[in-house]
Amino acid sequence: MHLKWCPISLGQRLSLTLEHDAKFGGPPMGKQKPIPRPSSHSSPRSISTTAQQQKNTAAKKQLAQSRRYPTKTIKQKLDHRNDPPAEVLKELADLTGLTRRKVWDWFNRARERAKPLEERRWAREVKPKREEKKRSARERVQKKMSAREKAKKAKKEADEKGADEEEEEEEENEGGDEEMEEEGGDEEMEISRTLPKNCLVSTMGRGGKAEFLHQE
């Protein structure tokens, strides 16, 4: 019986795994334990060497077998993006009969294996949303900047237009003053031509009244 991914707690999975081992005498990996073969050597040295090799092999197998359980069962209870809490480590250590350091190492290995899955999930779900937020923020900023530029441009055009109108008004006023001075001069010339030679003419202001002064 191979336990697949299912939404149950880590303690339940470990208890099921341990029950399976107690009942069937092996890990639920679908593999049979290898039967140790008898040694063909008969010398004491070769026998001791073979016993040491068998001891090392058995230790390695035991270590590999003990490593299988947490890596297969750390699925739902632990979040691979965060560190596991102390009570979870203690629960795992109590269930497996191992140290918390080993459980921590298994957790780190499981987290390393889960990174590609997390990256794919992030690229599939999170990244598009963040890109959409960034794009909408850029569009809002661009709209604000364009509105400010339009307002500045309109204000500048209005100021230039007002300055041009003021210059035109000043030019018109100056032209009117010159025309009035010319008209006043022409009137004086005409009056002086029509008067006799022994009369003096004085004008008050621009185009004002003409006073006739008789010379004796």
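When you line the sequence shown up against full-length UniProt numbering, it's residues 1 to 216, in that order. Where a beta carbon is used, it is the ideal one built from N, C-alpha and C, also for glycine.
8 Å Cβ cutoff met for residue i and residue j
i	j	result
ARG101	LYS90	no
LEU92	VAL103	yes
Which of helix, strand or coil DSSP assigns to residue i
i	result
PRO128	helix
THR96	helix
PRO85	coil
ARG121	helix
Contacts around residue i, its chain only, beta-carbon distance under 7 Å, and the 5 residues preceding and following it disregarded
i	result
GLU131	none
ALA123	none
GLY162	none
Selection from the options that minimises the alpha carbon distance to residue i
i	options	result
TRP106	ALA163, VAL88 and SER146	VAL88
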